[in-house]
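Student: This structure is in structure tokens; I'll ask about it shortly.
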Amino acid sequence: MTRKVTKAIFPVAGLGTRFLPATKSIPKEIMTLVDRPLIQYAIDEARAAGIEEFIFVTSRGKGALEDYFDHAHELESNLRNAGKDELLAVLQSTNMDSGAIAYIRQHKALGLGHAVWCAGRLIGEEPFAVILPDDVIAAEKPCLQQMVEAYQETGGNMVAAMEVPADKASSYGVLDIREDMGALVSVKGMVEKPKANEAPSNLAVIGRYILSPNVLRNLDRKQTGAGGEIQLTDAIAQEITNSNDVYGYRFRGQRFDCGSKAGFLQATVAFGLARPELHDEFLQFLVEMTQVRKAAE
Ligand code: UTP
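Yeah, the sequence shown ends on 302 if you go by my numbering, and it's all consecutive.
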């Protein structure tokens, strides 16, 4: 099978309850880090990795997400007429080619595995990427690009992995390692949200995957797993039994869990500080805030 990865699925059909009331009217993926919505970070990362087809699995109330990818012709011509070329370039960099985006509806939030399965008909017999936009990764070389490069050597199925503290492992899918080769590990088992002290390692799966279409066939059974949801982890783990071809990839970069409030705030600070035009003023503010807090304690 080809090892060229040109399609990516973006599951964005979750309810985003941790961000209520904001997510009552705006999709979580439209929330912004500095001035770019989470989804834009995900799209930029996918493009850097060579993705050409972008498949969104959406649900009710995600209209703003579809609108975001429309070309804003009126706004573009206003900026052009006003000579605001830099802003125009920023705006145009978000434009997507006609036909490059597809939207599939997940009618009920039955779990991440089910969301990925919903996009199955658009995948066919080729490997595909899955990107969870609420995992934002700051990296010199974008995470999915690192994985696509590693995948050229391995083929099979690859999940992004990172070390987490033992007491946090039960919030993740966790890898049972067969062989640790450094950045790459071969995997002999995967457990979604293991009970405390039952995690097979502290190497957790985060929201980047390169998968074979076999995983979609495994999802056909629509078996529920942890939390009563149809889990992507279980369908990937099935491939260990079927083909023994699953790898974890320790990416280089810092991952922020923007699906949680604390992670989102940390990402805001990190991405704010990374902007040269904001850095000095923002840092000064943070230092002052910290001093005021310390004095008050
Ligand atoms: P989360 O576990 O973060 O769930 O989903 P959520 O619904 O988005 O947010 P909370 O927990 O209620 O705050 C992880 C990813 O899987 C997608 C989500 O959109 C998110 O990108 N997902 C999850 C689906 O697309 N469909 C589902 O049924 C479940």
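Glycine included, each C-beta is placed from N, C-alpha and C at the ideal position.
Computed from a predicted model, the values in this text were never measured in an experiment.
Is any heavy atom of the ligand UTP found at a distance shorter than 7 Å from the C-beta of T295?
Tutor: no
Student: To the nearest angstrom, report how far apart T2 and G212 are at their CA atoms.
Tutor: Nothing can be reported for residue 2, as the shown portion of the chain is limited to 6 through 302.
Student: Classify A108 as helix, strand or coil using the three-state DSSP reduction.
Tutor: According to the sequence shown, residue 108 is Tyr rather than Ala. Residue state, collapsed to three classes: strand.
Student: Please identify the residue among L115, I142 and A87 whose C-alpha is closest to the C-alpha of G3.
Tutor: With the chain covering 6 to 302 only, the question about residue 3 has no answer from this structure.
Student: Between the alpha carbons of N83 and K89, how many angstroms are there, rounded?
Tutor: Note on geometry: alpha-carbon atoms of N83 and K89 lie some 9 Å from one another.
Student: Among P218, Y254, L149 and P147, which one has its Cα closest to the Cα of I185?
Tutor: As written in the sequence, residue 185 is Asp, which differs from the Ile given in the question. Relative to D185, the option among P218, Y254, L149 and P147 whose CA is nearest is Y254.
Student: Determine whether the beta carbon atoms of G268 and F261 lie at a separation below 8 Å.
Tutor: Remark: C-beta atoms of G268 and F261 approach each other more closely than 8 Å.
Student: Since I believe V62 is in contact with A120 (beta carbons under 8 Å), could you give me their beta-carbon distance rounded to a whole number of angstroms?
Tutor: 4 Å
Student: Please identify the residue among M36, P16 and F15 whose C-alpha is closest to the C-alpha of L25.
Tutor: M36
Student: Please look up how many angstroms separate the CB atoms of E34 and P138, rounded, as I've assumed it's under 8 Å.
Tutor: 5 Å
Student: Could you tell me which of P32, T7, V10 and R8 sits nearest to A18, measuring between CA atoms?
Tutor: Checking every option, the nearest Cα to that of A18 belongs to P32.
Student: Let me confirm a value: T238 is counted as buried when at least 16 other C-beta atoms fall within 10 Å, else exposed. Which label applies?
Tutor: buried
Student: Any contact of the stretch 129-143 with the stretch 177-193, i.e. 3+ C-beta pairs under 8 Å?
Tutor: no
Student: If you draw a straight line from the alpha carbon of T159 to that of G55, how long is it in whole angstroms?
Tutor: Rounded to the nearest angstrom, the two C-alpha atoms are 18 Å apart.
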